[in-house]
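Comments concern the structure below.
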Amino acid sequence: MTDFLYPFIDGEERDAGALLEDLARSAEAKAAASDDLRRTTLDGLAGQLDAAATEMSARFVAGGRLFAFGNGGSSTDAAAVASLFGHPPSGRPLPARSLAADPAVLTALANDVGYELVFSRQLASSAGATDIALGLSTSGSSVNLLRAFEQAKRIGALTIGLAGYGGGSMAQAGTVDHCLVVSSDSVHRIQEAQSAVTFELWRRVQRCLVEGALDVD
Amino acid sequence: MSQWLDDQPVAVVSAELAFAALALARRFADGATLWCWSPGAPEHAQHVAVEFVHPVIVGTRALPAVAVADGDATATLRTMARAGDALVVVSSGDAAVSGLLKRTEAWGMTTIWMGCGPRPEASSADHLLWLSDDPQARHDGRLVLGYHLLWELTHVCFEHPGLLREPSATEGPTCTTCSDEGRMGEVVTSQGDDATVRTACGIETVTTLLVGPVAPGDLVLLHAGTAITVVDG
Numbered sequence: 504m505t506d507f508l509y510p511f512i513d514g515e516e517r518d519a520g521a522l523l524e525d526l527a528r529s530a531e532a533k534a535a536a537s538d539d540l541r542r543t544t545l546d547g548l549a550g551q552l553d554a555a556a557t558e559m560s561a562r563f564v565a566g567g568r569l570f571a572f573g574n575g576g577s578s579t580d581a582a583a584v585a586s587l588f589g590h591p592p593s594g595r596p597l598p599a600r601s602l603a604a605d606p607a608v609l610t611a612l613a614n615d616v617g618y619e620l621v622f623s624r625q626l627a628s629s630a631g632a633t634d635i636a637l638g639l640s641t642s643g644s645s646v647n648l649l650r651a652f653e654q655a656k657r658i659g660a661l662t663i664g665l666a667g668y669g670g671g672s673m674a675q676a677g678t679v680d681h682c683l684v685v686s687s688d689s690v691h692r693i694q695e696a697q698s699a700v701t702f703e704l705w706r707r708v709q710r711c712l713v714e715g716a717l718d719v720d
Numbered sequence: 008m009s010q011w012l013d014d015q016p017v018a019v020v021s022a023e024l025a026f027a028a029l030a031l032a033r034r035f036a037d038g039a040t041l042w043c044w045s046p047g048a049p050e051h052a053q054h055v056a057v058e059f060v061h062p063v064i065v066g067t068r069a070l071p072a073v074a075v076a077d078g079d080a081t082a083t084l085r086t087m088a089r090a091g092d093a094l095v096v097v098s099s100g101d102a103a104v105s106g107l108l109k110r111t112e113a114w115g116m117t118t119i120w121m122g123c124g125p126r127p128e129a130s131s132a133d134h135l136l137w138l139s140d141d142p143q144a145r146h147d148g149r150l151v152l153g154y155h156l157l158w159e160l161t162h163v164c165f166e167h168p169g170l171l172r173e174p175s176a177t178e179g180p181t182c183t184t185c186s187d188e189g190r191m192g193e194v195v196t197s198q199g200d201d202a203t204v205r206t207a208c209g210i211e212t213v214t215t216l217l218v219g220p221v222a223p224g225d226l227v228l229l230h231a232g233t234a235i236t237v238v239d240g
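Protein chains in written order, with this note's numbering: chain A, 504 to 720; chain B, 8 to 240.
This is how it looks when you write it as structure tokens:
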């Protein structure tokens, strides 16, 4: 009886057919947009991906390890990157781990030194000059990622940042050796494209290691 | 040409996603918790859960969702899940998943199985959302797209409150679910020729004369107060 207050919400709607059709159409449109974004992103970043993968391979050959990190959904994407490099479906397993994997470490650092330092403190204690720091953010401006890249740069690690929108602060910071930007303003579409980007990085690193392209240096 | 669903018609998966999203929204409207499990790749379950718990779109309703740890999902869900809850499994085809999904029927859960790679039987879950036959879809963004879409579509359903009530909802003294023949039950205790079993409608006492001795945890098919088959769980 309050329909006059909310004329746009129809509490008496009973036929789900129209909604189901709308939902399916919407899913198709979003899937097509995701597909386009993933393809154009990989095309646009091809040169940067080659360069980043070549340097990553050099670090792995030198005994380096990959540290991946991000917040929220991006932390799960970081875990997926670590898992892909460490336990690949094919090719050579490489040392990689996520810096968000251990709740004791994460909550201790967040509680005692502040959330903005949860990743940088771990890099300070674990990472060295041959290692790789890879951070994922959709905004590109997460403060704890920026701090982590500063720390990684200080110790000479290779820094790789994935960002959306225009790259955010990550693109301006001067601490990210390879800033891979997905040009979109939808968090979900950015994350999907970032998964495609990290998968391509992994593929290229594996190819580099097999082809021994790094012996040239 | 879509790379997303290169090996099957896009329309089919989209329609399945739409049905699953509406079913999930209806469960949430009734107070359900969404349990998320991705054996071997816990990050996917965590990603699904965080989408619902902490939506990226400001003003979108936060919904109860929990990632189940990789270990013994059966033991965890047996104690934690309530009848009416929902379970989304993100995984490739897997015997452990099929086993758990038989059991969740006895617990009264609505199940969604999303994955890629070799396709399981359609009857394995209430909603089977198979995104691609290509196992690579797990790594290259297509699987992530699948669960993002499930979240996005579920929230669209909340804009249609009139459709959030189950058309065949339980009304009156009889449970429509339980009037079906061959309901699944999980044995809680057994004594002599009787057993206490958990079903979608609660705890019931049934006779086990036809199947012989049963043990706690056994899955049994029930009909008219009688266990008629022991099911491999």
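Yeah, the Cβ is synthetic: ideal placement off N, Cα and C, and Gly gets one too.
Please indicate yes or no: does the CB of S640/A lie closer than 7 Å to some heavy atom of the ligand NAD? The ligand content of the structure shown is nil, which means the ligand NAD is not present either.
Euclidean distance between Cα positions of G670/A and M116/B: 42 Å
G576/A: buried (16+ other C-beta within 10 angstroms of its C-beta) or exposed? buried
Which residues of the region 21-42 of chain B have a Cβ closer than 8 Å to any Cβ of chain A? Give them in chain order. S21, A22, L24, A25, F26, A28 and L29
Assuming the contact rule is C-beta atoms closer than 8 Å, G573/A and A585/A should be a hit. Round their C-beta distance to whole Å, please. Not confirmed; about 11 Å, so no contact.
Whether or not the region 56-76 of chain B and the region 196-216 of chain B are in contact is what I'm after, with contact meaning three or more pairs of Cβ atoms, one per stretch, closer than 8 Å; do they touch? no
Say whether chain B places a C-beta atom closer than 8 Å to the C-beta of V708/A. no
For the alpha helix (DSSP H) containing I693/A, list its first residue and its last residue. V690 to E714
If we define contact as Cβ-Cβ less than 8 Å, is L526/A a contact residue for chain B? yes
Spell out the partners DSSP gives I119/B in its beta bridges. V95/B and H134/B
Compute the distance between the beta-carbons of L156/B and A32/B, then report whether it is under 8 Å. no
Spatial distance of A583/A from A234/B (CA atoms): 44 Å
Chain-ordered neighbours of L160/B on chain A, where CB pairs are closer than 8 Å: L526, S529 and A530
Note down, in chain order, each residue of its chain lying with its Cβ closer than 6 Å to the Cβ of D525/A, except the 5 sequence neighbours on either side. none
Taking the alpha helix (DSSP H) that W158/B falls in, what are its first and last residues? R149 to C164
So which residues on chain B does S698/A lean against when the C-beta distance must stay under 9 Å? H146, D147, G148, R149, L150, V151 and L152
Helix, strand or coil for L597/A, going by three-state DSSP, please let me know. coil
Check this for me: beta carbons of G587/A and H146/B, under 8 Å apart or not? Position check: residue 587/A holds Leu in this sequence, whereas Gly was assumed. In this structure, H146/B lies closer than 8 Å to L587/A by Cβ.
Can you name, in chain order, every residue of its own chain whose Cβ lies under 6 Å from the Cβ of S601/A, other than the five neighbours on each side? A571, A581, A582 and A585
Indicate the three-state DSSP secondary structure (helix, strand or coil) for V237/B in the structure shown. strand
Would you call the CB atoms of G148/B and S689/A closer than 8 Å? no
Got a sec: is the Cβ-Cβ distance from C164/B to anything in chain A below 8 Å? yes
Starting from A82/B, trace the alpha helix (DSSP H) in both directions and tell me its first and last residue. A80 to M87
Consult DSSP for S529/A and reduce its assignment to one of helix, strand or coil. helix
Endpoints, the alpha helix (DSSP H) within which V564/A is located: A549 to V564
With H, G and I counted as helix, E and B as strand and the rest as coil, what does DSSP make of S139/B? strand
Can you name the residues of chain A whose CB is closer than 8 Å to the CB of E58/B? G576
Counting pairs of Cβ atoms below 8 Å between the region 191-202 of chain B and the region 221-228 of chain B, do you hit three or more? yes
Against chain D, with Cβ distances strictly below 8 Å, would V65/B count as a contact? Protein chains in the displayed structure are A and B, and chain D is not among them.
Give the residues from the region 531-544 of chain A that approach chain B closer than 8 Å (Cβ to any Cβ), ordered along the chain. E531, K533, A534, A535, S537, D538, R541 and R542
Please classify R126/B: does DSSP put it in a helix, a strand, or coil? coil
L587/A - DSSP class collapsed to helix/strand/coil: helix
Under 6 Å Cβ to Cβ from T118/B, same chain only, skipping five residues before and after it: list those, please. L94, L108, T111, A132 and D133
Quick one: which chain A residues come within Cβ less than 8 Å of G124/B? Correct list: empty, because the minimum Cβ distance to chain A is about 10 Å.
Mapping DSSP to helix, strand and coil, what is G520/A? helix
H61/B: contacting residues in chain A (beta-carbon distance under 8 Å): G575
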